[in-house]
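Respectively, the protein sequence lines represent chains A and B.
The opening residue of the first sequence carries number 0 in numbering that gives the first Met the number 0; numbering runs sequentially from there.
The opening residue of the second sequence carries number 0 in numbering that gives the first Met the number 0; numbering runs sequentially from there.
We treat Cβ as the ideally placed atom computed from N, Cα and C, and that holds for glycine.
Heads up: the structure comes next, in structure tokens.
Protein chains: 2
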Amino acid sequence: MSSVNQNMSDPGQASADRIPAAERREQILAAASHVFGQRGYAGATTDQVAQAAGISQPYVVRMFGSKENLFVEVLNRARVRLLDAFRAVLADAAAASLPREELVASLGRAYADLIEDRGIVLSLMQGFVIGHEPVIGATARAGFVEIYRLLRDEGGFTAEEAMSFLAHGMLFNTLVALRLTDHYGEDASADELLACTFGTKLETVLKATGAAE
Amino acid sequence: MSSVNQNMSDPGQASADRIPAAERREQILAAASHVFGQRGYAGATTDQVAQAAGISQPYVVRMFGSKENLFVEVLNRARVRLLDAFRAVLADAAAASLPREELVASLGRAYADLIEDRGIVLSLMQGFVIGHEPVIGATARAGFVEIYRLLRDEGGFTAEEAMSFLAHGMLFNTLVALRLTDHYGEDASADELLACTFGTKLETVLKATGAAE
DNA sequence: GTCTATAGGAGGATAGAC
DNA sequence: GTCTATCCTCCTATAGAC
Chain A
0 MSSVNQNMSD PGQASADRIP AAERREQILA AASHVFGQRG YAGATTDQVA QAAGISQPYV
60 VRMFGSKENL FVEVLNRARV RLLDAFRAVL ADAAAASLPR EELVASLGRA YADLIEDRGI
120 VLSLMQGFVI GHEPVIGATA RAGFVEIYRL LRDEGGFTAE EAMSFLAHGM LFNTLVALRL
180 TDHYGEDASA DELLACTFGT KLETVLKATG AAE
Chain B
0 MSSVNQNMSD PGQASADRIP AAERREQILA AASHVFGQRG YAGATTDQVA QAAGISQPYV
60 VRMFGSKENL FVEVLNRARV RLLDAFRAVL ADAAAASLPR EELVASLGRA YADLIEDRGI
120 VLSLMQGFVI GHEPVIGATA RAGFVEIYRL LRDEGGFTAE EAMSFLAHGM LFNTLVALRL
180 TDHYGEDASA DELLACTFGT KLETVLKATG AAE
């Protein structure tokens, strides 16, 4: 959240807040994931992203060309993170030749762990919900189908299994986006739903979503 | 979509486009459901709602006080429609003392039929995704929990059953919001997922989502 | 690589006539 | 009940200096 700059292993000019573009880019994407995840594409402003990243608004636009393009890159980053996490689980599962049920549970836990960075899951969800936008919509659709395909092809899921897995993922996303997790303990029905949805990962999720402002 | 006015049973001035407030209100809410469902709360403008309703932008604001308030009313209207549809199914099921599995299927079909007016389902989804907004978020949370409670209390679902039912509903919403339904036939994986998710209601959904612009 | 200044355009809301 | 005119804020994007 702060704009402190640590001692770079990269030599050259040691002072001044000049950071290599690649690193700055990642900083901005991380900040943007957070902001877009929270307020949605239309609801977020490039200035909010800039402030979260500790830089000026025009620089955000300068670096990504446009707000739309920035959001597309946020979606791509989130998709890659998700696919990587799932592929890691699949590799482990193949090595240990886990039974199918165990695999589903492992993938579910990996998904829940992704919420460590709430921006990932939420910005994806914000992308899913604006399929109407030509560029963003196409990106979101392609990403969604790619995840389905991963489960079917690399995970060996049946259509039914993959569908149900995704369904629970969408409920997961919705409960986080709704911020029901932030209101844990206020309503018995809601608590029951949260407990049932998140299972053993309830604590993880509550902690991750409660931490951020 | 048109602003034609039919012969009112209500007497008084027969000409001029003056419509009783209650009816106008419903017109605006229907238009707003459509627009908000499509573009989200922040992405939609009161002027788009006005044009969809065939009236002037200031009149929309005048009648509902603010854009935020209009959206809250859209959410309330959608929630009531959904709860009514579910209660109708539950009443029938009780009368026929259907087995649990049949009940779940019936509720699923009722939900799919709601998509006849895509705005209902989509504006709800757009509400769920901005839990961050103080007023709208609280409304959306309360509505979501109310649906869960209906399934548990009036439907006799276990927590697990209700959770899974909601999960599939969220996937349903997501696929419609993503507009994957508008791209049916373009990708084999996507088609498989759509077929698996919507089942016998696939045709209904494709027709309903394909019709609107 | 990063900032300040600012153009230019929407969009929500209000005033007030009819 | 409904419109036109309009204010004022906010926001994306560009220009150009350092």
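8 Å Cβ cutoff, residue i in contact with chain B
i, result
"Ser-188/A", "yes"
"Ala-41/A", "yes"
"Gly-136/A", "yes"
"His-33/A", "no"
"Leu-179/A", "yes"
"Thr-208/A", "no"
"Arg-117/A", "no"
"Arg-78/A", "no"
"Arg-151/A", "yes"
"Ser-14/A", "Because the pLDDT of Ser-14/A is 46, which lies under 50, any placement of that residue in the model is unreliable, and the question is left without a value."
Neighbouring residues, chain B, relative to residue i (Cβ below 8 Å)
i, result
"Ala-192/A", "Inspection of the sequence shows that residue 192/A is occupied by Leu rather than by Ala. Near Leu-192/A (Cβ distances below 8 Å), the residues of chain B are Val-144, Tyr-147, Ala-158, Ala-161, Met-162 and Leu-165."
Presumed contact (8 Å Cβ cut-off) between residue i and residue j, rounded CB distance
i, j, result
"Leu-28/B", "Glu-72/B", "6 Å"
"Leu-177/B", "Gly-130/A", "4 Å"
"Leu-102/B", "Arg-80/B", "About 20 Å separates the two Cβ atoms, so there is no contact after all."
"Phe-156/B", "Phe-164/B", "7 Å"
"Phe-70/A", "Ile-119/A", "That belief does not hold up - the Cβ atoms of Phe-70/A and Ile-119/A are roughly 14 Å apart, past 8 Å."
"Leu-123/A", "Ala-77/A", "5 Å"
"Tyr-147/A", "Ala-161/A", "6 Å"
"Ala-139/B", "Leu-74/B", "6 Å"
"Ser-188/A", "Arg-151/B", "7 Å"
Proximal residues to residue i (C-beta, below 6 Å), its chain only, five neighbours per side dropped
i, result
"Val-48/B", "Ala-30, Ala-31, Val-34 and Val-59"
"Ala-213/A", "Here chain A covers residues 0 to 212 and nothing more, so residue 213/A does not appear."
"Val-88/B", "Ser-105, Leu-106 and Ala-109"
"Leu-97/A", "none"
"Gln-26/A", "Ala-52"
"Glu-153/A", "Leu-89"
Listed by chain order, chain A residues near residue i by CB distance under 9 Å
i, result
"Thr-203/B", "Ordered by position in chain A, no residue passes the 9 Å Cβ test against Thr-203/B, which lies about 18 Å from the chain."
"Leu-170/B", "Met-162, Ser-163, Leu-165, Ala-166, His-167, Gly-168, Met-169 and Leu-170"
Chain B residues whose Cβ lies nearer than 9 Å to that of residue i
i, result
"Phe-63/A", "Neighbours of Phe-63/A on chain B: none; closest Cβ ~19 Å, over 9 Å."
Contact list for residue i against chain B, beta-carbon separation under 7 Å
i, result
"Ala-176/A", "Phe-127, Val-128 and Gly-130"
Residues near residue i by beta carbon distance below 7 Å, same chain, minus five either side
i, result
"Thr-196/B", "Leu-170, Phe-171 and Leu-174"
"Gln-125/A", "Phe-35, Gly-36, Gly-39 and Tyr-40"
"Ala-183/A", "A small fix is needed here, since residue 183/A is Tyr in this sequence, not Ala. Answer for Tyr-183/A: Asp-190, Leu-193 and Leu-205, listed in chain order."
"Ala-24/B", "The displayed chain sequence assigns Arg, not Ala, to residue 24/B. Excluding residues within five positions, the ones whose Cβ falls inside 7 Å are Met-62."
"Lys-200/B", "Arg-108 and Ala-111"
"Phe-127/B", "Ala-139 and Phe-143"
Interface flag, residue i vs chain A, CB-CB below 8 Å
i, result
"Thr-196/B", "yes"
"Arg-17/B", "no"
"Gly-11/B", "Legend: pLDDT at Gly-11/B = 44, less than 50; position of this residue unreliable, value from coordinates given subsequently. False, the Cβ-Cβ gap to chain A never drops below 8 Å."
Own chain partners of residue i with C-beta closer than 8 Å, once the 5 adjacent residues on each side are dropped
i, result
"Ala-84/A", "Ala-109, Tyr-110, Asp-112 and Leu-113"
"Thr-208/A", "Ile-114, Arg-117, Val-175, Arg-178, Thr-180 and Asp-181"
"Ala-20/B", "Met-62"
"Ala-137/A", "none"
"Glu-145/A", "Arg-78 and Leu-82"
Under 8 Å from the C-beta of residue i: neighbouring residues of chain A
i, result
"Glu-38/B", "A quick correction: the sequence has Arg, not Glu, at residue 38/B. Ordered by position in chain A, the residues that pass the 8 Å Cβ test against Arg-38/B are Ala-41, Ile-129 and His-131."
"Ala-139/B", "Leu-177"
Beta-carbon neighbours of residue i, restricted to chain A and to distances below 7 Å
i, result
"Thr-173/B", "Phe-127 and Met-169"
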